[in-house]
């Protein structure tokens, strides 16, 4: 029995060694700043159906962290509106205020406006918003500049 215990000692030291390192704080997440290009997808499920209708557009999102402004360009002819405004971050949420969004609140195109959950690692930038189980807005972008 004692001979078998000796084999577990190196394993025990290895597992405990991770507990004695320095606890430096994680580096802050980078601010999404620059030019991003990729695909916007609008997924919509009608009430009595199980499948989603998907509309897509290739867009370019330019964000400045100096004055927290943004602009959406690219394929803005049918699905997504070309727009601009200001943005801000709180935790894993990002908020966009589109100054071109109609005052009536009704539009035929999607505007980058409101609160979204986001992920950004310095290159990949993903923005998502969902409304119950019938609507999802997805932005899959990559930094180009």
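Residue numbers (my numbering): -17 to 127. We put the beta carbon where it would ideally sit given N, CA and C, even for glycine.
Assigned exposure category for residue i - 16 Cβ within 10 Å defines buried
i: residue 72; result: exposed
i: residue 99; result: exposed
i: residue 13; result: exposed
i: residue 101; result: exposed
Beta-carbon proximity check, residue i vs residue j, cutoff 8 angstroms
i: residue 54; j: residue 38; result: no
i: residue 17; j: residue 42; result: yes
i: residue 36; j: residue 23; result: yes
i: residue 96; j: residue 118; result: no
i: residue 81; j: residue 66; result: yes
i: residue 91; j: residue 19; result: no
i: residue 64; j: residue 40; result: no
i: residue 122; j: residue 21; result: yes
i: residue 86; j: residue 45; result: no
Option nearest residue i by Cα separation, candidates the options
i: residue 77; options: 117, 32, 64, 68; result: 68
i: residue 9; options: 113, 84, 48, 104; result: 104
i: residue 116; options: 109, 7, 32, 15; result: 32
i: residue 25; options: 120, 45, 79; result: 120
i: residue 109; options: 74, 34, 47, 79; result: 74
i: residue 106; options: 113, 89, 49, 127; result: 127
Three-state class that DSSP yields for residue i in the structure shown
i: residue 91; result: coil
i: residue 34; result: coil
i: residue 124; result: strand
i: residue 113; result: strand
i: residue 181; result: Look at the range of the chain in this structure, -17 to 127, and you will see that residue 181 is not part of it.
Completely contained alpha helix (DSSP H) runs for the region 45 to 81, where each covers 4 or more residues = Within the region 45 to 81, no run of alpha helix (DSSP H) reaches 4 residues while sitting entirely inside it.
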